[in-house]
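These notes concern the structure reproduced below.
Protein chains: 4
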Amino acid sequence: MNAAIRAVVRQADALGHETWGIRHGYQGLLDKDWAPMPTRACANILQRGGTVLHTARCPEFLLPNRRAEAAENLRAEGIQGLVVIGGDGSFRAAEALQREHGVPCAGIPGTIDNDLPGTERTLGFDTALNTAVEAIDRIRDTASSHGRLFLVEVMGRSSGMLAVHTALACGAEAVLYPESPDDSYETLVARLYANWLRGKRSSIVVVAEGDGLGSAVAVGDRLRRDHGLDLRVVVLGHIQRGGSPSALDRIWGSRWGAEAVRRLDAGESGFYLGEVAGALALLPLAQVLDPHPSPPGDLSELVGILSR
Amino acid sequence: MNAAIRAVVRQADALGHETWGIRHGYQGLLDKDWAPMPTRACANILQRGGTVLHTARCPEFLLPNRRAEAAENLRAEGIQGLVVIGGDGSFRAAEALQREHGVPCAGIPGTIDNDLPGTERTLGFDTALNTAVEAIDRIRDTASSHGRLFLVEVMGRSSGMLAVHTALACGAEAVLYPESPDDSYETLVARLYANWLRGKRSSIVVVAEGDGLGSAVAVGDRLRRDHGLDLRVVVLGHIQRGGSPSALDRIWGSRWGAEAVRRLDAGESGFYLGEVAGALALLPLAQVLDPHPSPPGDLSELVGILSR
Amino acid sequence: MNAAIRAVVRQADALGHETWGIRHGYQGLLDKDWAPMPTRACANILQRGGTVLHTARCPEFLLPNRRAEAAENLRAEGIQGLVVIGGDGSFRAAEALQREHGVPCAGIPGTIDNDLPGTERTLGFDTALNTAVEAIDRIRDTASSHGRLFLVEVMGRSSGMLAVHTALACGAEAVLYPESPDDSYETLVARLYANWLRGKRSSIVVVAEGDGLGSAVAVGDRLRRDHGLDLRVVVLGHIQRGGSPSALDRIWGSRWGAEAVRRLDAGESGFYLGEVAGALALLPLAQVLDPHPSPPGDLSELVGILSR
Amino acid sequence: MNAAIRAVVRQADALGHETWGIRHGYQGLLDKDWAPMPTRACANILQRGGTVLHTARCPEFLLPNRRAEAAENLRAEGIQGLVVIGGDGSFRAAEALQREHGVPCAGIPGTIDNDLPGTERTLGFDTALNTAVEAIDRIRDTASSHGRLFLVEVMGRSSGMLAVHTALACGAEAVLYPESPDDSYETLVARLYANWLRGKRSSIVVVAEGDGLGSAVAVGDRLRRDHGLDLRVVVLGHIQRGGSPSALDRIWGSRWGAEAVRRLDAGESGFYLGEVAGALALLPLAQVLDPHPSPPGDLSELVGILSR
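Chains as they are written, first to last, in UniProt numbering: chain A, 1 to 308; chain B, 1 to 308; chain C, 1 to 308; chain D, 1 to 308.
Structure below.
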C-alpha cells in the first residue's frame, strides 16, 4: 500500500496540493488522527510491506451518525477529497460517505484476496501469490524428499483467487476453494489415488481458507479418518501478508495512486480504480456491491492436467 | 521456460500424444539432439530457472537448405508439430519452417525483454523485473546511507520495457531508454540538479542496455566529465536472467504451453501465443515481423513525478 | 544435505573411490535401494533444498537382526564405508552398525534443530533460521500496521536453539522454549504488559514447538482466556525445512562431506563431524548419547533487553 | 549495522544511559551532526539494510587538530563514550582519539570484507556472502542453459575472504583472489581445459575485486586474447552491499552492540569486539594495525576438488 500512498502524496505535490495522512483508517478519521504528509515522508517507503499509516477495523463507521462526524471533521479541516485504500468494506464506507455527505472519494483496491468486483487486480495480490509460491516451493522440497502428502491452506475468506493461482504456479496436485463444485472432496480423493497409482509419491493440495469443506485442518482430518492417509497440514496464514511488495504491486500502486489524485484534481469522484482488460480503468464506487468475481475455471482445471 | 515445457509435455500426454524434447534449440533440430520426454521428466522443474532443454544460437538456421534438413529430420522421425519457445529470431525461423516446408509450428513468447509485437507479456519478463527491483533495493540502501548517485544498467538491447518498469517499481529518480526522446541527457541533468536543490542527496538512474546515449558506463563518464559528479555505475547484466521464476511467469508459461498443444492437436498452426487486453490470445506467426512495442510513455513520465 | 552429498561423491572421486547413493536412508540399506553416483549426478544440486537421495523413517533398523542384514548387504556389494547424514537417531544406528558389525561409519550432522551434542552447528540450521526470520519479518509488517500480538511457533521438538536464535534475529519481544525456567509464562505476561505501558502496541512472541507450556496454539488460548488478549497464532511448520540452503550451510556441508571421505580413506571411522570452537572437529560417534545442548542463556536474556 | 545501533541504544537505556546518534560518521562528529536517539527510534530498523545514521568518508579526520576538535565536541556535550562501527580505517581513528585525547572508545567490526585482524567475523559479511551466492545461482541457470563460461567479480579490495567463501558456496569451478599464489592464471587455464575435456560445458570463476591479475574484466580480456574463449563478465559490485541482513549478522550485531555498552558502562574502553574461536571476544583497538587475515587455504583448494 505504501506505493499508493507515496504516489498520492507526490502526484498531489506536483499538482500543488497538500496531502494529509490519516492513521488507522476510518478510526483515525473519527479521532482526527492525521497530519500533513510532505513528499520527504515518502522516501524509502516504496519497498516496505505493511502501511506507514497503520490500519484498524472501525465497526462504528457503520453507524450513520459516526459517518456524519467524519464528514464534519474533514470539512472543518478543509480537506477536499479522500483517497481510500482497501477492500469492499472500506469502499462501501466511502460510497456512503460520498452519497450521504458529499465528500469526494476515490478508491484504490488494496486486498490480497483479489476479490473486488470489476477489477482484475488488487494491490497485494501479486505479492501474496509470490510469497505463497515460495513457501510451497520449500514445502515441495520436503514433500519430495519424504514422499509425503501436504495440505497447504492459503488466505481467501470467501474467494478462491489466491488458492487457484497459487496452485497453478506451484504445480500443486489439486486445489480446493469455495467456488468449486460440490463434489470436490471426491474429486480430490480420486486424483490422489490416480497419482499414487502413477507412481507419484508426494502431493501438495492447496486449500483456500474459506473452502466449503472447511479449513485445511478439517480436510486433513477427514482424509486421515476416511482413508488412513499420512499427511501434514500447513497453514500459511499471516506470512502471506507483509513483505516487500512485488514489482507489479508497486507499479499498479504507483499508477493508481497518481491517477486517483489527478481525477480528484479534475473534479471527478465517487469512483474506484482497477485493471480492466489489462488497462487502468475507473469504476463507480457503487459497483463494489456487485458479487465478487470467481477464479477462472480453466485455471483450476489446468492444475489437474499439469500435475499428472 | 520450464513451466511451458512442463505444460506442453503434460497437456500432450493428457491428449494421448508423446512429446520429444529438442536440446540446444534449432541446433538440436539439425543434430537430432532429441529424446522422448515423459511426464515424469517434468517433475520439480517448474520452480527452476533456465531451461532443462538448454539453448544455443544457431546462425546456420538462416540458410534455407539447413531449414530443409530440419524439416526432413522432423518428418523422418514422425514428429507432427513443433512448439518453439523464444524471441523474435526463433519465431522468424519457425515462420519460415512452416511456410517453406509445412511444419506445423506454435510459438510461446520467451524473452525477458518483453519486446515481441502483439503481446503484452513474454515469459521471463516479470521474473527479470522482480530480480532487477530487488537488486536496486539493495543499491538504494547504499545510495541512501552514502548520499550517492548510482547509474544502474538493466537488460533490453533495443527495448526500454524492462528499464521503464524497473525504474517505476524501484522508485528511480530517472530512466534512460532507447525509445525516449533525444533530449534525454539534458532532461536527466536538469532533474538531478532539481533533486539536489530539493535536498535529495541520493539518486538512482536506470539505464537500458541499448540506450541511445550508450551504456550506463558511457553516460556515467559523460556526467563525470561534464559536471564533475561523483557517481557509481552498476551493470546488472546476467543476474537478471535465471532464478526461480515468479508466480506470474509460471502461470502464463503453464497456460501457453497447454494452449499451444491443444491448438496443434485441433489442427491449428502458424501462430504464437500472447496476452492481449489481459487475456490469452493467438497471433499469426508472421506478426513477429511487425515493429516491436515501445514502453508506455505515461509510465516513464510517472517515474519523474513520483521521485520528486 | 545436497552440499554434503556432492562433496562426498566428488572428494571420493578425487581419491579414486566410487560412491554409491543409498535412497530413503536406512530403509534403502535394507532394500538395496542404491546405485552408483557419478560426479556428474551432483551437477546443480548444491543450490537445491531437500535431498536428492530422499529420506524415510526406518523403525525396523532398531532391531539387531535388521542391522545384521544391512551390514551383510554392504559387505556383499563390497562397500567399504558408510557416510550417514542425519540427526541423533541416525547416528545411534550408525554407532550400533559399526560396534556390532564393524562397518566403518562417519556421521555428518544434518538436522535443522541444531541439537546434537558436541557440535555448535548442524546442516540446515542456518537455512531454517533465515527462513523463519524472513517469515517473521513479513508478520512484523502486519503486526506493526495493525498493532497486534502474534505468537509464532518455530520447529524444535525438544530444543530451543532455533527459537532463541530466531527471536534474537527478528527482534521478537519474547521467546518461550523447553529449556527455559518454569516461570516463563508469568514472565511473558509481565513483559507484554510492560511493553504495552511503554506504548508498544505490536508484539511478536516466538514459541518453540516443544515448549513446556505446550504449542503456540495452547499458549495463545491461555493468554486469551486469562487476559482477554486479542492475538494471532502462526505455525511456521514445514516452511522452515527445504528451500535453497544458505551460504554457511553449503560451506559446512561441503567441508564435512569432503572431510568424512578423507578420514574414511585414511582408515579412520566411528566418528561424526562437527564445529567446535569455530573449527571443523571430529567427535566419537558414541558422543551422540550425551545430553543435547541448551541454547545459551545470555541470548534469550538479550531478546528481552533489546525489545524494550 | 542497524542491528548494532539498536542494541547499543536499548542496552544503554536498560543501564540508565542516554544514547546520541552521530550521523555521517566522523564528519558528523566534527559538525556536531548528532541527536539523542530514544529506544523508539530503533523500532523496525533491525531488518533494514544500510544504516539509519548514514555514513561518509572523512579524510580530515587523519589530521591531529581535527581529532582534537572532535574530542572537544564530545566533552562539551558531556558524551562519555564512543561506539564506532566500521572497518580498519574507522578503528585506527578511534584508537588515535582514545590515545591522544582519552575518549573512551569501543569498536564493532562492520565491513563486508571480513578482513579485520583478530576476528573471524565482521558485520555484513554473511549477508554479502548470501547475496553473492544468490546472484551466482541465477547466473548458473544461464551458464548451464547456454553452456557458457562466466567470470563473476565480487567485492574485497585487498582480501579474498568473500571470494573464496562465495566460490565454495556457489560451487564455482575456480576462484582468483589477492592472496593466492602467483601462478593462479595458469592454474585457472589448466582447470578450465580439464573441465572441458571432462565434458563440463559451463563454468563459473569467482574473481576478487583486488585480485593481482586485475579485475574480472582484465582477466576476461586475457582469456579471450590468449585462448579465444567465449565468456561473459559480471561485476556484482554494490549489489552485495545493502539488503535485509542475514540472521547471523543480526545476531552478532545485537550481541556486539549490547556488549560494547556493557563494557563501556563497566569502565572498559580501547577495545573492539570480535568472534574468536566461535565465541564473543574483546581485542585491543591497537590490534587493528596487525596484518589482515587471509582466507583459509583449504577452502580454496576445496573449490577445485568439489567442482570436478
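A virtual CB, placed ideally from N, CA and C, is assigned to each residue, including glycine.
List, in order along the chain, the chain D residues whose C-beta lies closer than 8 Å to that of residue i?
i: alanine 56 of chain B; result: His146, Gly147
On the three-state DSSP scale, how would you describe residue i?
i: serine 90 of chain B; result: helix
i: residue 348 of chain A; result: The question about residue 348 of chain A has no answer, for chain A in this structure spans 1 to 308.
i: alanine 277 of chain C; result: coil
i: valine 103 of chain B; result: coil
i: glutamate 153 of chain D; result: strand
i: proline 117 of chain C; result: coil
i: glycine 253 of chain C; result: helix
i: isoleucine 5 of chain A; result: helix
i: glycine 21 of chain C; result: strand
i: proline 64 of chain B; result: helix
i: glycine 304 of chain A; result: helix
Tell me, please, whether the CB atom of residue i is closer than 8 Å to any CB atom in chain C?
i: residue 310 of chain A; result: Residue coverage of chain A in this structure runs from 1 to 308, which leaves residue 310 of chain A outside it and unanswerable.
i: glycine 25 of chain A; result: no
i: histidine 165 of chain D; result: yes
i: glutamate 153 of chain D; result: no
i: aspartate 13 of chain D; result: yes
Report, in whole angstroms, the separation of the C-beta atoms of residue i and residue j, which I expect to be a contact under 8 Å.
i: arginine 308 of chain D; j: threonine 39 of chain C; result: 6 Å
i: alanine 94 of chain C; j: valine 84 of chain C; result: 4 Å
i: threonine 119 of chain D; j: valine 261 of chain D; result: So it is not a contact: roughly 18 Å between Cβ atoms.
i: leucine 176 of chain B; j: alanine 132 of chain B; result: No, leucine 176 of chain B and alanine 132 of chain B are not in contact; Cβ-Cβ is about 15 Å, not under 8 Å.
i: glycine 243 of chain B; j: isoleucine 108 of chain B; result: Contact doesn't hold; Cβ gap of about 19 Å is too wide.
i: alanine 216 of chain B; j: glutamate 173 of chain B; result: Contact doesn't hold; Cβ gap of about 14 Å is too wide.
i: leucine 306 of chain D; j: arginine 6 of chain C; result: 7 Å
i: glycine 253 of chain C; j: methionine 1 of chain C; result: 7 Å
i: asparagine 114 of chain A; j: threonine 122 of chain A; result: 5 Å
i: leucine 188 of chain A; j: valine 303 of chain A; result: The pair is not a contact, with the Cβ atoms about 11 Å apart (cut-off 8 Å).
Can you name the residues of chain D whose CB is closer than 7 Å to the CB of residue i?
i: valine 133 of chain C; result: Ala247
i: serine 235 of chain B; result: Checking the sequence shown, residue 235 of chain B turns out to be valine, not serine. Within chain D, the residues near valine 235 of chain B are Val235.
i: isoleucine 251 of chain C; result: His165, Leu168, Ala169
i: leucine 129 of chain C; result: Ala247
Given that residue i touches chain A, what residues does it touch there, using C-beta distances under 7 Å?
i: leucine 46 of chain B; result: Gly171
For residue i and chain A, any beta-carbon pair shorter than 8 Å?
i: threonine 142 of chain B; result: no
i: aspartate 33 of chain B; result: no
i: glutamate 60 of chain B; result: no
Run through chain B and tell me which residues come within less than 7 Å of residue i, C-beta to C-beta.
i: threonine 39 of chain A; result: Arg308
i: alanine 4 of chain A; result: Simply none; closest approach about 11 Å.
Using a Cβ cut-off of 7 Å, pull out every chain C residue sitting near residue i, in sequence order please.
i: residue 314 of chain A; result: Absent from the structure is residue 314 of chain A, since the part of chain A shown begins at 1 and ends at 308.
i: leucine 116 of chain D; result: Within chain C, no residue comes near leucine 116 of chain D; the closest Cβ sits about 15 Å away, beyond 7 Å.
i: residue 375 of chain D; result: Chain D is shown only over 1 to 308; residue 375 of chain D falls outside these bounds and no answer can be derived.
i: aspartate 221 of chain D; result: Residues of chain C passing the Cβ test: none, with the nearest at roughly 29 Å.
Can you pull the chain A neighbours of residue i, defined as C-beta to C-beta under 9 Å?
i: threonine 111 of chain C; result: Near threonine 111 of chain C there are no residues of chain A at all, since even the closest Cβ is about 13 Å away, more than 9 Å.
i: alanine 7 of chain B; result: Leu302, Ile305, Leu306
At a Cβ threshold of 8 Å, is residue i touching chain D?
i: glycine 50 of chain B; result: yes
i: glycine 278 of chain C; result: yes
i: serine 254 of chain C; result: yes
Under a CB-based cut-off of 8 Å, is residue i close to chain B?
i: arginine 67 of chain A; result: no
i: residue 310 of chain A; result: Within the shown structure, residues of chain A are numbered from 1 to 308, placing residue 310 of chain A beyond reach of any answer.
i: glutamate 120 of chain A; result: yes
Find the residues of chain C that neighbour residue i, judging by a C-beta separation of less than 9 Å, and give them in chain order.
i: glutamate 18 of chain D; result: By Cβ distance, chain C contributes nothing, its closest Cβ being about 14 Å from glutamate 18 of chain D, past 9 Å.
Minimum length 3: unbroken beta strand (DSSP E) runs contained in the stretch 161-238 of chain C: 174-176, 203-208, 231-235
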